[in-house]
Amino acid sequence: MKVIITAPKGKMDSLILEEAVKCDTIEVVGAIGPKGRDYIGTEICGVMVYDDLEAVIDQCDMVVDFSGAEIAMEVLEVCLAHNKALLEGSTGFTEKQNRKIEEASKMIPVLKAANTSFMVNVLMRILEFAADNLADSCDIEVMDIHDRNKLDAPSGTALEMGEAIAGAAGMEVSQIEFHSGRMGDSPSTHTIYFGGIDERIEITHQAYTGRCFAIGACRAIEFMEGKDTGMYTMADVIG
Numbered sequence: 001m002k003v004i005i006t007a008p009k010g011k012m013d014s015l016i017l018e019e020a021v022k023c024d025t026i027e028v029v030g031a032i033g034p035k036g037r038d039y040i041g042t043e044i045c046g047v048m049v050y051d052d053l054e055a056v057i058d059q060c061d062m063v064v065d066f067s068g069a070e071i072a073m074e075v076l077e078v079c080l081a082h083n084k085a086l087l088e089g090s091t092g093f094t095e096k097q098n099r100k101i102e103e104a105s106k107m108i109p110v111l112k113a114a115n116t117s118f119m120v121n122v123l124m125r126i127l128e129f130a131a132d133n134l135a136d137s138c139d140i141e142v143m144d145i146h147d148r149n150k151l152d153a154p155s156g157t158a159l160e161m162g163e164a165i166a167g168a169a170g171m172e173v174s175q176i177e178f179h180s181g182r183m184g185d186s187p188s189t190h191t192i193y194f195g196g197i198d199e200r201i202e203i204t205h206q207a208y209t210g211r212c213f214a215i216g217a218c219r220a221i222e223f224m225e226g227k228d229t230g231m232y233t234m235a236d237v238i239g
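Mind the numbering: the sequence shown is residues 1 to 239 in the UniProt record's numbering, read in order.
As structure tokens, then:
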């Protein structure tokens, strides 16, 4: 699978690049950085960095983008114009932007994932089971803690957890309470509470580093090889 990775100096993208070049099934044919950066025209992890996705996109099968919601929409347009698959891991999209991504999936293969950690996506299934059995008797709340630089709150992962719970329980996401903490260099932490009478369940996932997301992203890249047009998620990846 030939891929181009955006924002190779980004917090998440740089880790994905490091992991992807180790994979025998993935060939990173280029990376895209912002115009004017001093690393344009140099190599990172042995991969040449360009400043124009349009000029090099035909070299790849898929674009991997964790750059952020604003740049993601530009990346989406280029992928559509060149009929290239997209792994979109950015969060913080508006409803309008999400609809645009959904529409794009009718024309190209898109895998949209707020969180590519394998364990988080196994946790989603645990939450569905818990919600199906406990929602009628429990109050459900989701807490996410991240470092002070994370912009969106609740996190995209917290919202996906809420959607999984609501879908399994036959309830509205608005019935779930969300709480967010942004402090220091705190690692990504999500805790889900099922609070009943006389007892409570707490389920927590903590990412010690971002490498778990990068490894999961590489699994997602491998999964997307040869996929038809459509919208895919990490649930499809884990099977």
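Note that the Cβ used here is the ideal one computed from N, Cα and C, for glycine as well.
All of these numbers come straight from a predicted model, not from anything done at the bench.
In the structure shown, what three-state DSSP assignment does residue i receive?
i, result
"Glu-18", "helix"
"Lys-150", "coil"
"Ile-40", "coil"
"Gly-196", "coil"
"Ser-180", "strand"
"Ala-135", "coil"
"Ile-165", "helix"
"Lys-2", "strand"
"Glu-88", "strand"
"residue 255", "Missing from the structure shown is residue 255; the chain here goes from 1 to 239 and no further."
Which residue's Cα is closest to the Cα of residue i: the options?
i, options, result
"Tyr-232", "Ser-188, Asp-51, His-190, Glu-88", "Glu-88"
"Glu-7", "Gly-30, Val-237, Thr-116", "For the record, residue 7 in the displayed sequence is Ala; it is not Glu. Looking at the Cα atoms, Gly-30 is the closest of the given residues."
"Met-171", "Met-183, Cys-138, Asp-198, Asp-147", "Cys-138"
"Gly-36", "Tyr-50, Glu-43, Ala-169, Met-1", "Tyr-50"
"Val-47", "Asp-147, Leu-17, Ala-55, Leu-53", "Leu-17"
"Gln-59", "Phe-93, Glu-103, Cys-218, His-82", "His-82"
"Asp-132", "Ser-188, Ala-166, Lys-227", "Ala-166"
"Lys-227", "Glu-103, Arg-200, Glu-160, Val-110", "Val-110"
"Ile-4", "Val-28, Lys-22, Val-21", "Val-28"
Is it the case that the Cβ atoms of residue i and residue j are separated by a distance below 8 Å?
i, j, result
"Thr-209", "His-190", "no"
"Pro-154", "Ser-180", "yes"
"Leu-86", "Met-62", "yes"
"Phe-194", "Ile-140", "yes"
"Phe-118", "Arg-219", "yes"
"Asp-152", "Thr-91", "yes"
"Asn-149", "Phe-213", "no"
"Glu-128", "Ala-72", "no"
Distance, Cα to Cα, residue i vs residue j?
i, j, result
"Gly-162", "Met-224", "26 Å"
"Ile-145", "Arg-182", "6 Å"
"Gly-230", "Leu-134", "33 Å"
"Ala-113", "Gly-10", "17 Å"
"Val-142", "Ala-168", "15 Å"
"Ala-55", "Leu-123", "40 Å"
"Phe-66", "Ala-130", "30 Å"
"Ser-105", "Arg-99", "10 Å"
"Ala-20", "Ile-32", "15 Å"
"Arg-211", "Leu-15", "6 Å"
"Cys-45", "Ala-235", "30 Å"
"Ala-217", "Gly-41", "25 Å"
"Gly-68", "Leu-53", "16 Å"
"Asp-13", "Glu-202", "31 Å"
"Ile-26", "Glu-74", "24 Å"
Using the DSSP secondary-structure output, state which residues sit across from residue i in a beta bridge.
i, result
"Gln-206", "Thr-189"
"Tyr-232", "Leu-111"
"Asp-144", "Ser-180, His-190"
Is residue i close to the ligand ATP? I mean its beta-carbon at under 7 Å from any heavy atom of the ligand.
i, result
"Ile-192", "Questions concerning the ligand ATP fall outside what the structure shown contains, since it holds no ligand whatsoever."
State yes or no: is the beta carbon of residue i nearer than 8 Å to at least one beta carbon in chain D?
i, result
"Leu-15", "Given the protein chain composition of this structure (a single chain), no chain D is represented."
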